[in-house]
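In our numbering, the protein residues as written are 45 to 513.
All remarks here apply to the structure that follows.
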Amino acid sequence: MSTLEELLASWLPRQRWFSGKGVPIRRLRVESRHTLVPARPDGPGLDVLVVQTEQRGAGSRYQVLLGSRPPRSLPPDLAHEAIGVCRLKGSRPRAVYDASRDTELTALLLQRFAHPPAVGDDTQVRFRTLPGCPIRVGAHGRVLTSEQSNTSLVFGQDYILKTFRRLWPGHNPDLELTTALSGSPRVARTCGWIEADLPGSRSPATLAMLQAYIPQATDGWLLATGRIGALAGNGGPDGENSFADEAELLGRTTAEVHQDLARELPTDVLSPVDAAGLAEGMIERLAIASTEVPELARHAPRVMSAYTDFARTDEPLPVQRIHGDYHLGQAIRASSGWVLLDFEGEPTVPVSERQKLASPLRDVAGMLRSFDYAAGHLLVRRPDDTGLEWSARSWARRSRAAFCAGYADASGTDPDKYLTALRAFEFDKAVYEVLYEARNRPDWLRVPLDSIRWATSGAAAATAPPVPG
45 MSTLEELLAS WLPRQRWFSG KGVPIRRLRV ESRHTLVPAR PDGPGLDVLV
95 VQTEQRGAGS RYQVLLGSRP PRSLPPDLAH EAIGVCRLKG SRPRAVYDAS
145 RDTELTALLL QRFAHPPAVG DDTQVRFRTL PGCPIRVGAH GRVLTSEQSN
195 TSLVFGQDYI LKTFRRLWPG HNPDLELTTA LSGSPRVART CGWIEADLPG
245 SRSPATLAML QAYIPQATDG WLLATGRIGA LAGNGGPDGE NSFADEAELL
295 GRTTAEVHQD LARELPTDVL SPVDAAGLAE GMIERLAIAS TEVPELARHA
345 PRVMSAYTDF ARTDEPLPVQ RIHGDYHLGQ AIRASSGWVL LDFEGEPTVP
395 VSERQKLASP LRDVAGMLRS FDYAAGHLLV RRPDDTGLEW SARSWARRSR
445 AAFCAGYADA SGTDPDKYLT ALRAFEFDKA VYEVLYEARN RPDWLRVPLD
495 SIRWATSGAA AATAPPVPG
């Protein structure tokens, strides 16, 4: 019979949120195991596992919500979540599975927030709540299926619990920033979080975060691609499918959130020397990506030119805490306006790095790239339709211009006045996308490659701002 570690080594690489795809796991061990629901001989048990993997000499930690039941009592709707059958702590063989879809067990997580263990009980896994946030219980959690890096459970119409799969020491920036923005209508209210101590670390890791759920809101990516998708279905002239009004409001909301973060948290100014250091990192990432994706190499000289221009900038650049991984999928359109989500930044980067100050233009660049992605995804299955490409890029151009106009109006800072920095940040994001798509979604590789080609070939000169897309 396989051990739990052997089962996890086979199961982990197949999960969407596993960041080490394509690289063999050299070693895996369960670093810590915290029992939330003791297993009964005839019933389910729930454990929180911190799993340590080693790949090419680099270690990573992941969180697994491990459910266990007698093998013959695993419900049919959980069969596809099965990890395998093994012995746990010397018990009889039990079926182990991803418990995030077990509504019987996830309902108990909400109860733990409402009724945390008494002082003196085992508190290795700690459920925290914020003052003035009484937790209503009784709802079962349902999993959102759209996420890539984490797993979120929605409890009725009240709460959403985001469980962080990749773990790092320290408070997750999503918890840190949304707590700092408490009371803002532009972010979902934070109600609590789950934390645990990691072996060898002085700072607890954030396992999950509980926020108010915003019902009847539309995901920004779905809203944008729905508008642009009508172009492919002969849904009327480009203007009827425009996203410009929504993009302008999103730009205003983004600027307002940046202003709130600057007011609540530290700010600074990036010196020309620091800018040159950022450019060196961009150049290094371009070199790695060009080696791995030869199609990128032909455009590398012009991308390098943008980085060189940025390295030579002599204008100080304001820096502060920012979103860090900003795109259309990180915003939802509610009846009251846009609400921004997922302030954790890039999950594969250590928390200490994500907490560093950065230029708000990075978030602007991320959203501009997302408009380009919305347009580019339309062309994945129709690569030779030049008329559709022209319409899609015109749609993206209008959305980009409207977003920047809204941002400038709300903040007083016009992104167009920082084109050298914005161009470098956007190319850097596009290069990252090339690597991501090459490794995870080859069918989409043309989306970032085409936008880089479009920007560096001069084809967009007459129709688009002088930034990628």
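Positions of the beta carbon are idealized from the N, C-alpha and C atoms, including for glycine.
Distance from the CA of R77 to the CA of R441, rounded to the nearest whole angstrom, comes to 50 Å. Under the DSSP assignment, H78 falls in the beta strand (DSSP E) whose first and last residues are 71 to 81. Between the C-alpha atoms of Y106 and E336 there is a straight-line separation of about 27 Å. For C130, the uninterrupted beta strand (DSSP E) run begins and ends at 126 to 131, by DSSP. P213 places its beta carbon less than 8 Å from that of S245. Annotated as proximal: H343 and R497, with beta-carbon spacing under 8 Å. Comparing alpha carbon positions, the residue from D358, L340, D202 closest to L314 is D358. In the three-state DSSP reduction, V475 falls in the helix class (H, G or I). In the DSSP secondary-structure assignment, P137 is bridged to R131. Within the same chain, Cβ atoms closer than 6 Å to the Cβ of E433 are found at L423, the five residues on either side in sequence being excluded. Contact between the segment 327 to 336 and the segment 484 to 495 is absent, with fewer than three C-beta pairs closer than 8 Å. Taking a C-beta distance under 8 Å as the contact criterion, A436 and L294 do not qualify as a contact pair. Secondary structure note for E98: its beta strand (DSSP E) is the uninterrupted segment 89 to 99. Your pair I272 and W382 does not check out as a contact, with CB atoms roughly 18 Å apart and the cut at 8 Å. When secondary structure is reduced to three states using DSSP, L205 falls in the strand class. For secondary structure counted as the alpha helix (DSSP H) over 4 or more consecutive residues, the segment 239 to 315 holds these complete runs in sequence order: 264 to 276, 288 to 308. In the DSSP assignment, L109 falls within the unbroken beta strand (DSSP E) covering 102 to 113. T195 places its beta carbon less than 8 Å from that of R209.
Distances from the CA of L48 to each of E397, V108, W61, G227 were compared; the closest alpha carbon is that of V108. Put simply, the backbone Cα of H367 is about 46 Å away from that of M45.
Measuring C-alpha to C-alpha distances from D386 to each of P217, E239, A468, L330 identifies P217 as the nearest.
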